[in-house]
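**Q** For reference, the structure I am asking about is given below.
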Amino acid sequence: MNFTLSAEQELLVTTLRDLLARECPPALLRAHWEDRQAQEPLWRHLRSFVELADGPAVDAALAAGELGYAAAPGPLTASLLAGPFLAATGRSDETVTLAAARPDGAWVPHDDPERIQVLDADLVALVIAPAADGTLRAVPPGAAAPDETVDGTRRQFHLTVGPDAEVVGHLDPDRLTAALRRAVVLLAAELCGTTRRICDLTLAHVRTRVQFDVPIGSFQAVQHACVDMSLELERAWSAACWAAMAVDADDPDAARATHVAKAAAGQAARRAVRTGIQLHGGIGYTWEHDLHLFLRRALAAEPLGGNTGWHLDRLGDLLFAAR
Amino acid sequence: MELGWGPEEERFRAEVRAFLERHAPPEARAASRDEVTDTIPEWARRWQATLFDHGWMIPGYPPELGGRNATPTQTLVYLEELAAAGIPRSLHFPGYAIVAPSLLEYGDTAQRALAPAAIRGDDVWCIGMSEPEAGSDLAALRTRAVRDGSSFLVNGQKVWTSYAAAADRCFCYVRTDPEAPKHRGISVLIIDMASPGIEVRPLRQLTGSAEFAEVFFTDVRVPAANLVGRLNDGWRITQGSLAHERAGLWVEGVARLEHTVAELLDLAHRRGLTGDPITRRRLADLHQRAASLRALGYRGFATFMSRQAAPEHSYMKLATSELAKEAFECALDLLGPDAVLVGDGRPDRRFVHGLFVSFAGTIGGGTSEIQRNVIAQRVLALPRGR
Chain G
-11 MNFTLSAEQE LLVTTLRDLL ARECPPALLR AHWEDRQAQE PLWRHLRSFV ELADGPAVDA
49 ALAAGELGYA AAPGPLTASL LAGPFLAATG RSDETVTLAA ARPDGAWVPH DDPERIQVLD
109 ADLVALVIAP AADGTLRAVP PGAAAPDETV DGTRRQFHLT VGPDAEVVGH LDPDRLTAAL
169 RRAVVLLAAE LCGTTRRICD LTLAHVRTRV QFDVPIGSFQ AVQHACVDMS LELERAWSAA
229 CWAAMAVDAD DPDAARATHV AKAAAGQAAR RAVRTGIQLH GGIGYTWEHD LHLFLRRALA
289 AEPLGGNTGW HLDRLGDLLF AAR
Chain W
272 MELGWGPEEE RFRAEVRAFL ERHAPPEARA ASRDEVTDTI PEWARRWQAT LFDHGWMIPG
332 YPPELGGRNA TPTQTLVYLE ELAAAGIPRS LHFPGYAIVA PSLLEYGDTA QRALAPAAIR
392 GDDVWCIGMS EPEAGSDLAA LRTRAVRDGS SFLVNGQKVW TSYAAAADRC FCYVRTDPEA
452 PKHRGISVLI IDMASPGIEV RPLRQLTGSA EFAEVFFTDV RVPAANLVGR LNDGWRITQG
512 SLAHERAGLW VEGVARLEHT VAELLDLAHR RGLTGDPITR RRLADLHQRA ASLRALGYRG
572 FATFMSRQAA PEHSYMKLAT SELAKEAFEC ALDLLGPDAV LVGDGRPDRR FVHGLFVSFA
632 GTIGGGTSEI QRNVIAQRVL ALPRGR
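Heads up: the protein sequence lines correspond to chains G and W, in order. Residue numbers for the first sequence, in the working numbering: -11 to 311. Residue numbers for the second sequence, in the working numbering: 272 to 657.
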């Protein structure tokens, strides 16, 4: 497993990180919560990155990590997830979102017309709903109904795929499974990015917050909590990268890697939320502090693509079937 | 980022496999992963010498030090193959893994000349570090060395000394300046274990066996030429040696953990628990955590290749040793009332034994608490406590 980034990948990460640090501050997230149009200037900067939707999963995962770090609003994450689906339609819509999740939250091939966890349907040109046999149908974005979540940075929708929904393309069953797996890996990567933001905010806070005349980060109880939080993040991000590499290589281990990555990302996120809020103390419990913007994004993202328990159970199915 | 290594690394992998296939003795494959012995069997001595003579003992070293000038990536491939086959290089790690690198870095010409025999295993080394009053606070060590003419006189006691009974030499941390601040009064001496005044007493530990020893030094005379590095500068060498210990261990640590988790799957089948949702989820979770740690190890390797240091690896010992304890606890749960039965004809007693051994993993080589302190300060840049 070679984790060395190519020069192009290094450049992608630093470019996107700098751009988001500049164009997507917490003030934008707060503005977007009130007004969905507030992300439009950001989108003008981000739209060129939609080309990653059609490229390697590793590059898209690196981008997703940065988008998660900034808790970026807008249609880019949704469009990255849906890349292989859009490519199979032959259409050239710039923005697209997937209506893939079953009502129980599983992103697997299925024929249930009810779909949930449709991300940012109001910001995209096309909504694609795959069926179990790989038939791709377009659902008018206006047919999607919003579900209010705890997260103000991204909106989720649900919809019903009508019998008369236009067929816009087809994916072979193998490719459908692989494309859904790729989407789950990107969701894991994005969640790791948000988790890293919570970790960074928390580490910065404990380095500077003084109580009893010393920074609280000098207390062993605080240090150990930070180490355990960071360990969960680092192993989760490593697993997300591994899973992206496995997806790109069409490796027989890709399913296992994906379950590992999404479960690890969910655990790391929960740990960071719990530790981050505790170590921030009172200030982190205020609306004014930015921490809650990111912990809300993380909590809302954890069930996307299947939550930790679901992925552990599928991983268990693989492990017990292998013998 | 890509899943595989290049064709050159894969050729190297094939070479490693071919060598192991041809030369590894059956005893090496059968050697228990959790077993440590204080006597070194003849096959293990021959195997280590064979590895050295063919340049496979420490591939990154030049041939005269038992290697073949392998690249770091080739070394990683080599460690993967050993770990996957469950074949140990040596049954006594201090000499090749800690003493030899320290001698090569800090020793004079005569001391550096001791390195090949340490790596080949011709000389067995023990390391005199821990003392009754110096565990995590290693710098509090009290074993005294006083200059007396052309030698030092050593008095004191070491504890938890691995391989002391089998060792030819001890790489021994001693206090040479009791007045100086504790980190600055420590020196390293090479002590011949046959010297008069050394007594080795086996230390029976909670597992019931005696894999470690206490070593008592009473007026042991050590030639002044056996001082490694500068006088009172020995603390630097501890830091170096522990780094050597950590750098290459993650592959084996993860492989060992994965092996334990695989055994749990087997156990679940034997106990008829494959349909139990709690068991399934618990084993999947252990598997998931071990697998993500393997990925973290590889990511650290990439960081090491670009920056010559890998903060990611600081987490590996902490995480794998803590997870091992959980894995063995899980085994006990799967075994139910049989978990604690250790009579003859109870092969599953190895799980409770494994739990005992796993306790040592979060204590030896830096406790989990010390590991967290170090990571907090060096990796996360948190301020030092008072």
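We treat Cβ as the ideally placed atom computed from N, Cα and C, and that holds for glycine. Note that this is a predicted model, so its numbers are computed, not measured.
W:I311 and W:A437: beta carbons closer than 8 Å?
**A** Taking the second sequence and counting its residues from 1, the one referred to as residue 311 of chain W is at position 40. Taking the second sequence and counting its residues from 1, the one referred to as residue 437 of chain W is at position 166. Closer than 8 Å, so yes.
**Q** Within 10 Å of its beta-carbon, does G:R143 have 16 or more other beta-carbons around it, so buried, or fewer, so exposed?
**A** For the purposes of this step, residue 143 of chain G is taken as residue 155 along the first sequence, with counting starting at 1. Classification of G:R143: buried, given that the 10 Å Cβ count is 16 or more.
**Q** Looking only at its own chain, which residues have a Cβ that is under 6 Å from the Cβ of W:N340, when we skip the five neighbours before and after it?
**A** The sequence position of residue 340 of chain W within the second sequence is 69, counting from 1. Excluding positions up to five away in sequence, the list reads P333.
**Q** Going by CA-CA distance only, name the one from W:L589, W:W327, W:W276 and W:F622 that's closest to W:D604.
**A** Taking the first residue of the second sequence as position 1, residue 604 of chain W is located at position 333. Nearest C-alpha to W:D604: W:F622.
**Q** Would you verify that the beta carbon of W:P654 is, or is not, closer than 8 Å to some beta carbon of chain G?
**A** For this step, residue 654 of chain W is matched to residue 383 along the second sequence. It does; some Cβ of chain G falls within 8 Å.
**Q** Between the stretch 498 to 507 of chain W and the stretch 323 to 338 of chain W, are three or more C-beta pairs nearer than 8 Å?
**A** Taking 8 Å as the limit for Cβ pairs, the verdict is that the stretch 323 to 338 of chain W does not touch the stretch 498 to 507 of chain W.
**Q** Entirely within the stretch 50 to 128 of chain G and at least 3 residues each: give me those beta strand (DSSP E) ranges in chain order.
**A** If we require 3 residues or more, the beta strand (DSSP E) runs fully inside the stretch 50 to 128 of chain G come out as 84 to 86, 102 to 107, 114 to 118 and 123 to 127.
**Q** When you compare the CB of W:N426 with every CB in chain G, is at least one pair closer than 8 Å?
**A** What you label residue 426 of chain W is simply residue 155 of the second sequence in a count that begins at 1. No - not a single Cβ of chain G is within 8 Å of the one on W:N426.
**Q** Considering only their Cβ atoms, is the gap separating W:E593 from W:S639 smaller than 8 Å?
**A** The residue given as residue 639 of chain W occupies position 368 in the second sequence. The residue given as residue 593 of chain W occupies position 322 in the second sequence. Result yes, Cβ atoms of W:S639 and W:E593 sit closer than 8 Å.
**Q** Is there contact here, the stretch 176 to 189 of chain G with the stretch 610 to 618 of chain W, by at least three beta-carbon pairs under 8 Å?
**A** The answer is no - the stretch 610 to 618 of chain W does not touch the stretch 176 to 189 of chain G, with fewer than three Cβ pairs under 8 Å.
**Q** Does at least one heavy atom of the ligand SAM sit under 7 Å from the Cβ of W:T509?
**A** As far as ligands go, the structure on display features none, and thus does not contain the ligand SAM.
**Q** On the DSSP letters alone, give me the boundaries of the beta strand (DSSP E) that W:H294 sits inside.
**A** For the purposes of this step, residue 294 of chain W is taken as residue 23 along the second sequence, with counting starting at 1. That residue, W:H294, is in no beta strand (DSSP E); its alpha helix (DSSP H) goes P278 to H294.
**Q** Verify whether the separation of the beta carbon atoms of G:I104 and G:F73 is less than 8 Å.
**A** Locating residue 104 of chain G in the first sequence gives position 116, where the first residue counts as 1. Locating residue 73 of chain G in the first sequence gives position 85, where the first residue counts as 1. Contact: no.
**Q** State the Cα-Cα distance for the pair W:G326 and G:V210, rounded to the nearest angstrom.
**A** Taking the first residue of the second sequence as position 1, residue 326 of chain W is located at position 55. Taking the first residue of the first sequence as position 1, residue 210 of chain G is located at position 222. Computed Cα separation, rounded: 47 Å.
**Q** What residues in the stretch 187 to 203 of chain G have a beta carbon less than 8 Å from any beta carbon of chain W?
**A** Those residues of the stretch 187 to 203 of chain G that come within reach of chain W (Cβ to Cβ, closer than 8 Å) are L191, V194, R195, V202 and P203.
**Q** Sort G:T65, G:A192, G:R195 and G:A309 by Cα distance to G:A289 and report the nearest one.
**A** Counting from 1 along the first sequence, the entry for residue 289 of chain G is found at position 301. Nearest of G:T65, G:A192, G:R195 and G:A309 to G:A289, Cα basis: G:T65.
**Q** Round the Cβ separation of G:R223 and G:L306 to the nearest angstrom and send it over; I've been treating them as touching at under 8 Å.
**A** The sequence position of residue 223 of chain G within the first sequence is 235, counting from 1. The sequence position of residue 306 of chain G within the first sequence is 318, counting from 1. Incorrect: roughly 19 Å between the Cβ atoms, too far for contact.
**Q** Using the three-state DSSP reduction, which class does W:F442 fall into: helix, strand or coil?
**A** As a working mapping, residue 442 of chain W is identified with position 171 in the second sequence. It is a strand residue.
**Q** Taking just the CA atoms, how far does G:W230 sit from W:S458?
**A** Position 187 of the second sequence, counted from the start, is the residue given in the question as residue 458 of chain W. Position 242 of the first sequence, counted from the start, is the residue given in the question as residue 230 of chain G. Whole-angstrom Cα-Cα distance: 44 Å.
**Q** Listed in chain order, which residues of the stretch 546 to 559 of chain W have Cβ atoms closer than 7 Å to some Cβ of chain G?
**A** Hits within the stretch, in order: R551, R552, L554, A555, D556, H558 and Q559.
**Q** Of all Cβ atoms in chain W, is any one closer than 8 Å to the Cβ of G:L174?
**A** Taking the first sequence and counting its residues from 1, the one referred to as residue 174 of chain G is at position 186. Cβ-Cβ to chain W under 8 Å: no for G:L174.
**Q** Between W:V425 and W:I369, which are expected to be in contact by the criterion C-beta below 8 Å, what is the C-beta distance as a whole number of angstroms?
**A** Stepping through the second sequence from its first residue, residue 425 of chain W is reached at position 154. Stepping through the second sequence from its first residue, residue 369 of chain W is reached at position 98. Between W:I369 and W:V425 the Cβ distance is about 20 Å, and since that is not below 8 Å, they are no contact.
**Q** State the Cα-Cα distance for the pair G:T141 and G:L179, rounded to the nearest angstrom.
**A** Working through the first sequence from its first residue, we reach residue 141 of chain G at position 153. Working through the first sequence from its first residue, we reach residue 179 of chain G at position 191. Cα to Cα, G:T141 sits roughly 13 Å from G:L179.
**Q** So for G:H277, helix, strand or coil by DSSP?
**A** Start at 1 with the first residue of the first sequence, and residue 277 of chain G comes out as number 289. The answer is coil: DSSP assigns G:H277 none of H, G, I, E or B.
**Q** Do the stretch 128 to 139 of chain G and the stretch 97 to 114 of chain G meet, that is, are 3 or more Cβ pairs less than 8 Å apart?
**A** Yes: at least three Cβ pairs fall under 8 Å.
**Q** By how many angstroms is the C-alpha of W:Y444 removed from the C-alpha of W:G607?
**A** The residue given as residue 607 of chain W occupies position 336 in the second sequence. The residue given as residue 444 of chain W occupies position 173 in the second sequence. For W:G607 and W:Y444, the distance between alpha carbons rounds to 45 Å.
**Q** Consult DSSP for W:V417 and reduce its assignment to one of helix, strand or coil.
**A** As a first step, residue 417 of chain W must be located in the second sequence, where it is residue number 146. W:V417 falls in the strand class under three-state DSSP.
**Q** Just to confirm the assignment, what range does the alpha helix (DSSP H) spanning G:K250 have?
**A** Reading the first sequence from its first residue, position 262 is the one you call residue 250 of chain G. Taken as a continuous stretch (DSSP letters only), the alpha helix (DSSP H) holding G:K250 covers A242 to H268.
**Q** Would you say G:T(-8) lies against chain W (beta-carbon separation less than 8 Å)?
**A** Position 4 of the first sequence holds residue -8 of chain G. Judged by the 8 Å Cβ criterion, G:T(-8) is in contact with chain W.
**Q** Grab the span of the beta strand (DSSP E) containing W:V459 for me, first residue to last.
**A** Position 188 of the second sequence holds residue 459 of chain W. Residues I457 to D463.
**Q** For G:H158, which three-state DSSP category applies?
**A** As a first step, residue 158 of chain G must be located in the first sequence, where it is residue number 170. Three-state DSSP puts G:H158 in a strand.
**Q** For W:R565 and G:E102, I'd like the C-alpha separation in whole angstroms.
**A** Counting from one through the second sequence, the residue named residue 565 of chain W turns up at place 294. Counting from one through the first sequence, the residue named residue 102 of chain G turns up at place 114. Looking at the two C-alpha atoms, the distance is approximately 38 Å.
**Q** Please decide whether G:D42 counts as near chain W, where near means a Cβ-Cβ distance under 8 Å.
**A** Here residue 42 of chain G refers to the residue found at position 54 when the first sequence is read from its first residue. G:D42 does not count as touching chain W.
**Q** Could you check whether the Cβ of W:V348 sits closer than 8 Å to any Cβ belonging to chain G?
**A** Residue 348 of chain W sits at position 77 when you count from the first residue of the second sequence. W:V348 does not count as touching chain G.
**Q** Report, in whole angstroms, the separation of the C-beta atoms of G:R285 and G:T182, which I expect to be a contact under 8 Å.
**A** Indexing the first sequence from 1 puts residue 285 of chain G at position 297. Indexing the first sequence from 1 puts residue 182 of chain G at position 194. Right, the Cβ-Cβ distance comes to about 5 Å (below 8 Å), so this counts as a contact.
**Q** Determine the chain G residues that contact W:E583 at a beta-carbon separation under 8 Å, and present them in chain order.
**A** As a position in the second sequence, residue 583 of chain W is number 312, starting the count at 1. Correct list: E222 and S226.
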